[in-house]
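What follows is a set of notes on a single structure, which appears directly below.
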Amino acid sequence: MKTSGPLECPDDTDRPLPEGAVAQELLAELARALGHPARIQILKTLLAKNQCIAGELCEELPLAASTVSQHLKVLKAAGLIKGEVDGPRRCYCVDEKVLKQFKLLVAQL
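Going by the numbering used here, the sequence shown opens with residue 21, and the numbers climb by one from there.
This is how it looks when you write it as structure tokens:
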């Protein structure tokens with residue numbers, strides 16, 4: 021995808037909220053992904069920007085680029101963020117649907 025400005029994070033359709041053991045496993049997986057202060061800060065930064073960003077994350081966090089990359093990998097594997105290739109860079113944004121699911125699952129505790 022080639023763009024001249026910031027990428028907008030694509031909007032997926034709503035996912036049904038899982039129930040029972042599946043819901044518990046999803047909640048545990050998402051909670052594990054948020055189990056590090058740096059990942060919480062990355063998520064907050066992405067939410068504040070409200071657009072796909074890449075290199076700016078390294079500028080805003082007191083972490084090495086390789087460390088940020090590892091944290092992004094964990095967040096992406098859990099589904100909390102999406103990543104797209106934009107030319108030579110990767111662009112990340114929050115998956116609002118998964119974040120909404122996480123909030124609903126926590127509210128059910």
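Idealized CB from N, CA, C, for every residue including glycine. Here the structure is a predicted model, which is why all the values come from computation and not from measurement.
field: Cβ pair F122, L77 closer than 7 Å
entry: Locating residue 122 in the sequence shown gives position 102, where the first residue counts as 1. Locating residue 77 in the sequence shown gives position 57, where the first residue counts as 1. Between F122 and L77, the CB-CB gap reaches or exceeds 7 Å.
Run of the alpha helix (DSSP H) containing C78, from where it starts to where it stops: Working through the sequence shown from its first residue, we reach residue 78 at position 58. Start and end: E76 to E80.
- prompt: Does the separation of the CB atoms of R59 and L95 fall below 7 Å?
  reply: The residue given as residue 59 occupies position 39 in the sequence shown. The residue given as residue 95 occupies position 75 in the sequence shown. Using a Cβ distance threshold of 7 Å, R59 and L95 count as a contacting pair.
field: Option in Q61, P57, I62 and I101 with minimal Cα separation from K120
entry: One-based indexing of the sequence shown puts residue 120 at position 100. K120 has its Cα closest to that of I101, out of Q61, P57, I62 and I101.
task: Give the DSSP-derived three-state secondary structure of G40 in the structure shown.
output: Taking the first residue of the sequence shown as 1, we reach residue 40 at position 20. Residue state, collapsed to three classes: helix.
message: So, under 8 Å CB-CB, L54 and Y112 are touching, yes? Tell me the CB distance rounded to an integer number of Å.
response: To locate residue 54, count along the sequence shown from 1; it is residue 34. To locate residue 112, count along the sequence shown from 1; it is residue 92. Between L54 and Y112, the beta carbon gap of about 15 Å keeps them out of contact (Cβ cut-off 8 Å).
query: Thinking C-beta only, is L37 closer than 7 Å to L190?
result: Only positions 21 to 129 of the chain appear in this structure, which leaves residue 190 out of reach.
field: Enclosing alpha helix (DSSP H) for I101 [first to last residue]
entry: The residue labelled residue 101 in the question sits at position 81 within the sequence shown. Element bounds for I101: not the alpha helix (DSSP H) but the beta strand (DSSP E), I101 to D106.
query: Between Q71, R109 and N70, which lies nearest to S89 when the distance is taken from Cα to Cα?
result: As a working note, residue 89 is residue 69 in the sequence shown. Checking every option, the nearest Cα to that of S89 belongs to R109.
message: Am I right that E104 and C72 are in contact with their C-beta atoms under 8 Å? What's the rounded C-beta distance?
response: One-based indexing of the sequence shown puts residue 104 at position 84. One-based indexing of the sequence shown puts residue 72 at position 52. 7 Å between Cβ atoms; contact.
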